[in-house]
Amino acid sequence: MSTYPFGDVNGPADFGDGGRRRSHYATPDLETLMDVADRLTETLRAEYPQLLSCGETIQGVLAQSAEDGLPPNRGRIRSALETIAIAASAGTGSLAYTRQLTTAFGL
């Protein structure tokens, strides 16, 4: 199975965006994203306490977004998620939640 975006039953791939596939699904609502970020932070607390600040950063960015009504700062979220992804081992809950958030934000 190829990982290249050649299209699917929903139509051809959009190569105008650098070859990345755009999701046919809506981005989860802010409340759902905050819930996943909370779970990530709790999992980091147990698995990688040294990365706890990354989870707290994501929670803070999402809380700020909820407060001011503006979109979340994707740059800060991306940076925190990349830091976790580099350090977290395969098969850990921390990496699973990191992948969920990365997918949800299209990063």
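Adding 2 to a residue's 1-based position in the sequence shown gives its number in my numbering.
Cβ atoms here follow ideal geometry from the backbone N, Cα and C, with glycine treated the same way.
These numbers were taken from a predicted model, which means no experiment stands behind them.
Name the residue from 54, 65, 55 whose alpha carbon lies nearest to the alpha carbon of residue 34.
-> As a first step, residue 34 is located in the sequence shown; it is residue number 32 there, counting from the start. The closest CA to that of residue 34, considering only 54, 65, 55, is found on 65.
For residue 70 and residue 44, the rounded distance between their alpha carbons | Taking the sequence shown and counting its residues from 1, one reaches residue 44 at position 42. Taking the sequence shown and counting its residues from 1, one reaches residue 70 at position 68. Near 25 Å, if we compare the C-alpha coordinates of residue 70 and residue 44.
For residue 90, the three-state DSSP class (helix, strand or coil) | In the sequence shown, residue 90 corresponds to position 88, counting from 1. In this structure, DSSP gives residue 90 a state outside helix and strand, which the three-state scheme calls coil.
Quick one: what's got a C-beta closer than 6 Å to residue 41's C-beta in the same chain, skipping five residues either side?
-> On the sequence shown, residue 41 is found 39 positions in, with the first residue counted as 1. Same-chain partners within the cutoff: 99.
Contiguous alpha helix (DSSP H) assignments of at least 4 residues, all confined to the segment 48–79 | Runs of the alpha helix (DSSP H) inside the segment 48–79: 54–70.
Buried versus exposed, by CB contacts within 10 Å (16 or more), residue 74 | Your numbering for residue 74 matches position 72 in the sequence shown. With a 10 Å radius around the Cβ and a threshold of 16 neighbouring Cβ atoms, residue 74 comes out buried.
Beta-carbon contacts of residue 109 that lie in its chain and below 6 Å, excluding the five residues immediately before and after | Locating residue 109 in the sequence shown gives position 107, where the first residue counts as 1. Closer than 6 Å at the Cβ level, and outside the excluded window around residue 109, lie 80.
Have a look at 49, 52, 57 and flag the residue whose alpha-carbon is nearest the alpha-carbon of residue 37.
-> Indexing the sequence shown from 1 puts residue 37 at position 35. Ranked by how close their Cα comes to the Cα of residue 37, the residues 49, 52, 57 have 57 in first place.
What is the DSSP secondary structure of residue 95, counted as helix, strand or coil?
-> Position 93 of the sequence shown holds residue 95. Residue 95: helix per DSSP, three-state reduction.
Between the Cα of residue 85 and the Cα atoms of 31, 59, 32, 67, which residue gives the shortest distance?
-> Counted from its first residue, the sequence shown places residue 85 at position 83. Nearest C-alpha to residue 85: 59.
Min CB distance residue 36 to chain D below 8 Å | Given the protein chain composition of this structure (a single chain), no chain D is represented.
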